[in-house]
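Residue numbering for the sequence shown is 5 to 571, as defined by this note's numbering. Cβ atoms here follow ideal geometry from the backbone N, Cα and C, with glycine treated the same way. All figures in this text were calculated on a predicted structure; none of them were measured in a lab. Just below is one structure, and these are the notes that go with it.
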Amino acid sequence: MARMLGAQMFFETLLHQGVDIIFGLPGGYVLKVYDVMTGYEDRIKHVLARHEQAATHMADGYARVSGKPGVVLCTSGPAATNTVTGIATAQMDSSAIVVFTGQVPTLYLGSDAFQEADHIGITMPCTKHNYLVRKTVDLPKTMLEAFHIASTGRPGPVLVDMPKDVLIGEDELKIPKQISLRGYKPNLKGNSGQIKKAVDLLLKAERPVIFCGGGVICANATKDLKKFVKKLKIPVCCTLMGLGAYPADDPLYVNFLGMHGSYAANMTIHESDLVVSIGARFDDRATGGRFDEFAPNAEIIHIDIDPATIDKNIHVHCPIVGDAKIVLNQLMDALPAKIKLDRKQWLSQIKEWDEKHPLLPNQNDHRIKTTYTIDLLSKLADDDAIIVSDVGQHQMWLAQFYKFKHPRTWINSGGLGTMGFSLPAAMGAKFAAPNRQVISVCGDGSFQMNFQELATAVENDMDLKIIVFNNGFHGMVRQWQTMFFDSNYSASKFGVLPDFVKLAESFGATGLKAEKPDELESTLKEGLSTDGVVLIEIVVDHEEMVYPMISPGGAMNDMILQPVDVA
Numbered sequence: 005m006a007r008m009l010g011a012q013m014f015f016e017t018l019l020h021q022g023v024d025i026i027f028g029l030p031g032g033y034v035l036k037v038y039d040v041m042t043g044y045e046d047r048i049k050h051v052l053a054r055h056e057q058a059a060t061h062m063a064d065g066y067a068r069v070s071g072k073p074g075v076v077l078c079t080s081g082p083a084a085t086n087t088v089t090g091i092a093t094a095q096m097d098s099s100a101i102v103v104f105t106g107q108v109p110t111l112y113l114g115s116d117a118f119q120e121a122d123h124i125g126i127t128m129p130c131t132k133h134n135y136l137v138r139k140t141v142d143l144p145k146t147m148l149e150a151f152h153i154a155s156t157g158r159p160g161p162v163l164v165d166m167p168k169d170v171l172i173g174e175d176e177l178k179i180p181k182q183i184s185l186r187g188y189k190p191n192l193k194g195n196s197g198q199i200k201k202a203v204d205l206l207l208k209a210e211r212p213v214i215f216c217g218g219g220v221i222c223a224n225a226t227k228d229l230k231k232f233v234k235k236l237k238i239p240v241c242c243t244l245m246g247l248g249a250y251p252a253d254d255p256l257y258v259n260f261l262g263m264h265g266s267y268a269a270n271m272t273i274h275e276s277d278l279v280v281s282i283g284a285r286f287d288d289r290a291t292g293g294r295f296d297e298f299a300p301n302a303e304i305i306h307i308d309i310d311p312a313t314i315d316k317n318i319h320v321h322c323p324i325v326g327d328a329k330i331v332l333n334q335l336m337d338a339l340p341a342k343i344k345l346d347r348k349q350w351l352s353q354i355k356e357w358d359e360k361h362p363l364l365p366n367q368n369d370h371r372i373k374t375t376y377t378i379d380l381l382s383k384l385a386d387d388d389a390i391i392v393s394d395v396g397q398h399q400m401w402l403a404q405f406y407k408f409k410h411p412r413t414w415i416n417s418g419g420l421g422t423m424g425f426s427l428p429a430a431m432g433a434k435f436a437a438p439n440r441q442v443i444s445v446c447g448d449g450s451f452q453m454n455f456q457e458l459a460t461a462v463e464n465d466m467d468l469k470i471i472v473f474n475n476g477f478h479g480m481v482r483q484w485q486t487m488f489f490d491s492n493y494s495a496s497k498f499g500v501l502p503d504f505v506k507l508a509e510s511f512g513a514t515g516l517k518a519e520k521p522d523e524l525e526s527t528l529k530e531g532l533s534t535d536g537v538v539l540i541e542i543v544v545d546h547e548e549m550v551y552p553m554i555s556p557g558g559a560m561n562d563m564i565l566q567p568v569d570v571a
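Take a look at the structure:
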């Protein structure tokens, strides 16, 4: 067998894995990879990001929309450390990415060589696994293991560190036919005894609710969930990561739950007698953080592929470790063919909660309200549009007011809350779904953290829409300062902001702006229908706040509700 460079093995293995796009930046220790890349450009597209963090978010957005691992390539030291925020984001949100970093030659490891950093030690806490490759011949096998680990079980990021001598070295290309790792065998099928116990709980429950998380989407189990829900007539509440797993226009859909979830959704969870959690991890933002008072009268079924999430925050009565799609089908098979159910009283109670404190968009004649804008956007955007949020108030309002009907149409940094995520992640989403409408929604603060990627978007002739809500503040910080710090707006107001329209135009994009309520709809319609990269700046009311809000450390029924006199 002919010998080849490690850098060539890198691309041959990517092709074997079915990879056709990578996101990255060149640098010293991976220059041989970039040198070799010119021979593969017709089969693997390389997207030149302007920052390694952004490249990692691009790979993340690509992975969440495509269902395939996203790939990052960068050099060592500061380039690798720049990826850490993106890696931690992917880890918290169970997104499959594989990050390939250059490294100093193995001879120099530990010598404090130029641009050396301990990539393995730095990323160990925020990766699913990581590797340091020491021999050229081991590179293909290590890469395939990385893809296998990233994309199976609970998806997550894997880092592969590649010293320079491994990349410039020569050896025979040996690509394993299959990957089998001792000690890593994700459990896909639920225990039969636990399935039976879950069925018994389901059949006796009078006030059941489904607590739906992002794991349903990861498992491609949305259709299976819908069949399960229809058979048992169980209302569905979704976590932030679970939005789109169940259609928002379905009668059994209650709403988004958690810290800024709807009154009806949070009360449904609190007053239920059975919570069926599917692919959710019971984090503090979904439960309110008062774990000891979560659903106090309910028994809890917890379905998750990651055994580490079971009993981590909430004690559960019926744990089922397995793939959501497989377990839902197991439950369906175990249920009686005919079930007599009377949910009228329970569903009527939920409707009463919804009518008592509905989620309503706000608008007046003076200042544009973000809630009204998002409600309007939900009506104007394509039915299968992909909405990529940044972090802050607009993220919560999107979760409340945008009607997500399909999986993989809602992309956001839910666990880590990474500002600067939206624009690059939206670009990754667009590469994954080039024929779909993709809309990046940002605040003025979050947009400034990665706006350099406008250059990458324009360079790649992307048809991408970007909405920037300009309220002159870090909005969520201002909200907390208003509510809990006696309106002491310390360091939350921007003294200087760019002219966002001119900024967009300076990169070769189209810039539009709406400052008054009567300009909003026409500006949105123009922006969404204009080809290319379009930035739509919307100047909004800085005093608008997100309600409801669970009191910090409170139970799910302990909500701060919108003041009656808010215009």
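*For R7, the first and last residue of its enclosing beta strand (DSSP E)*: The count along the sequence shown starts at 1 and reaches residue 7 at position 3. In the DSSP assignment, R7 falls within the unbroken beta strand (DSSP E) covering 7–9.
*Sort out for me which residues DSSP pairs G515 with in a bridge.*
Residue numbering aside, residue 515 sits at position 511 when the sequence shown is read from its first letter. Answer is L539, bridged to G515.
*Whole-angstrom C-beta distance between A150 and V164, which should lie under 8 Å*: For the purposes of this step, residue 164 is taken as residue 160 along the sequence shown, with counting starting at 1. For the purposes of this step, residue 150 is taken as residue 146 along the sequence shown, with counting starting at 1. For a cut-off of 8 Å, the C-beta gap from V164 to A150 is around 5 Å, short enough to register as a contact.
_Buried/exposed call for A6, threshold 16 Cβ in 10 Å_ = In the sequence shown, the residue the question calls residue 6 occupies position 2. By the 16-neighbour rule on beta-carbons within 10 angstroms, A6 is exposed.
*Enumerate, from N- to C-terminal direction, the unbroken beta strand (DSSP E) stretches of 3 or more residues contained entirely within the segment 291–370.*
Restricting attention to beta strand (DSSP E) runs no shorter than 3 residues, the segment 291–370 encloses them at 303–308, 322–325, ordered along the chain.
_Classify E210: buried if its beta carbon has 16 or more other beta carbons within 10 angstroms, exposed otherwise._
Locating residue 210 in the sequence shown gives position 206, counting from the first residue. E210 comes out exposed.
*Where does V69 land, buried or exposed, given buried means 16+ other C-beta within 10 angstroms?*
Indexing the sequence shown from 1 puts residue 69 at position 65. Buried is the call here.
*Looking only at DSSP bridge pairs, what is A107 linked to?*
Here residue 107 is taken as the residue at index 103 of the sequence shown, counted from 1. One point to set straight first is that residue 107 is Gln, not Ala, in the sequence displayed. BP columns for Q107 point to P167.
_Helix, strand or coil, according to DSSP, for V69 in the structure here?_
The residue you call residue 69 lines up with position 65 of the sequence shown. V69: helix per DSSP, three-state reduction.
_For I101, the nearest candidate out of Q198, K49, T156 (CA to CA)_ = Position 97 of the sequence shown, counting from 1, holds the residue named residue 101. Looking from the CA of I101, the closest CA among Q198, K49, T156 belongs to T156.
*Nearest to T291 by CA position, among S393, T272, M62, C322, is which residue?*
If you number the sequence shown from 1, residue 291 lands on position 287. Comparing Cα positions, the closest option is T272.
*Locate the alpha helix (DSSP H) running through E523, then write down its first and last residues.*
Taking the first residue of the sequence shown as 1, we reach residue 523 at position 519. Start and end: 521–533.
*Would you report the Cα separation of A571 and L364, rounded to the nearest angstrom?*
Locating residue 571 in the sequence shown gives position 567, counting from the first residue. Locating residue 364 in the sequence shown gives position 360, counting from the first residue. Residue placement at A571 is poorly supported in this model, since its pLDDT is 45, which falls under 50; the coordinates are not used for a value here.
*Output yes or no for whether 8 Å exceeds the beta carbon distance between V325 and I318.*
In the sequence shown, counting from the first residue as 1, residue 325 sits at position 321. In the sequence shown, counting from the first residue as 1, residue 318 sits at position 314. Here V325 is not near I318, since their CB atoms are 8 Å or more apart.
_Backbone secondary structure at S196 - three-state DSSP_ = In the sequence shown, residue 196 corresponds to position 192, counting from 1. In the structure shown, S196 sits in a helix (DSSP, three-state: H, G or I).
*If you drop the 5 nearest sequence neighbours on each side, which residues of the same chain put their C-beta closer than 6 Å to that of Q367?*
By 1-based counting over the sequence shown, the position of residue 367 is 363. The residues are K373, Y376.
*Rounded to whole angstroms, how far is the Cβ of D503 from the Cβ of S450, which I believe are closer than 8 Å?*
Position 499 of the sequence shown holds residue 503. Position 446 of the sequence shown holds residue 450. Actually they do not touch by this definition, with Cβ atoms about 18 Å apart.
*Are N134 and V162 close, meaning C-beta to C-beta below 8 Å?*
Sequence index remark: in the sequence shown, residue 134 carries index 130 (1-based). Sequence index remark: in the sequence shown, residue 162 carries index 158 (1-based). Yes.
*What's the C-alpha gap between V37 and G476?*
For this step, residue 37 is matched to residue 33 along the sequence shown. For this step, residue 476 is matched to residue 472 along the sequence shown. C-alpha of V37 to C-alpha of G476: approximately 43 Å in a straight line.
*Let me know the secondary structure DSSP gives Y376 once reduced to three states.*
As a first step, residue 376 must be located in the sequence shown, where it is residue number 372. DSSP, read as helix, strand or coil, puts Y376 in helix.
*Distance, Cα to Cα, H361 vs A559?*
As a position in the sequence shown, residue 361 is number 357, starting the count at 1. As a position in the sequence shown, residue 559 is number 555, starting the count at 1. Their backbone Cα atoms lie some 18 Å apart in a straight line.
*Would you be able to state if there are at least three C-beta pairs under 8 Å between the segment 534–548 and the segment 339–357?*
No, the segment 339–357 does not touch the segment 534–548.
*Of the residues A63, L507, I305, I354, which one's Cα is nearest the Cα of G28?*
The residue you call residue 28 lines up with position 24 of the sequence shown. Ranked by how close their Cα comes to the Cα of G28, the residues A63, L507, I305, I354 have A63 in first place.
*asked:* Going by DSSP, what residue range makes up the beta strand (DSSP E) through S450?
replied: Stepping through the sequence shown from its first residue, residue 450 is reached at position 446. For S450, there is no enclosing beta strand (DSSP E); the enclosing alpha helix (DSSP H) covers residues 448–451.
*Terminal residues of the continuous alpha helix (DSSP H) containing F488?*
Taking the first residue of the sequence shown as 1, we reach residue 488 at position 484. Element bounds for F488: 479–488.
*Using the Cα positions of K231 and M336, report the straight-line distance between them to the nearest angstrom.*
By one-based count along the sequence shown, residue 231 stands at place 227. By one-based count along the sequence shown, residue 336 stands at place 332. Going from the Cα of K231 to the Cα of M336 covers about 8 Å.
_Buried or exposed, going by whether 16 or more other CB atoms sit within 10 Å of the CB of E45?_
In the sequence shown, counting from the first residue as 1, residue 45 sits at position 41. Per the 10 Å Cβ criterion, exposed.
*Using a Cβ-Cβ cut-off of 6 Å (strictly less than) and excluding sequence neighbours within five positions of A284, which residues of its own chain qualify?*
Counting from 1 along the sequence shown, the entry for residue 284 is found at position 280. For A284, where only same-chain residues beyond five positions count, the Cβ hits under 6 Å are F215, G217, T243.
*Neighbourhood of D369 by C-beta, 8 Å cutoff - its chain only, sequence neighbours within 5 removed*: Position 365 of the sequence shown, counted from the first residue, corresponds to residue 369. Excluding residues within five positions, the ones whose Cβ falls inside 8 Å are P521.
_Would the segment 413–431 count as touching the segment 89–97 if we require 3 or more Cβ pairs under 8 Å?_
Segments in contact, yes.
_Below 8 Å, how does it come out for the segment 264–280 and the segment 220–230: are there three or more Cβ pairs, yes or no?_
Touching, no, given that fewer than three Cβ pairs across the two stretches are closer than 8 Å.
*Determine contact between the segment 454–462 and the segment 507–516, defined as no fewer than three beta-carbon pairs at a distance below 8 Å.*
Output reads yes: the segment 507–516 touches the segment 454–462.
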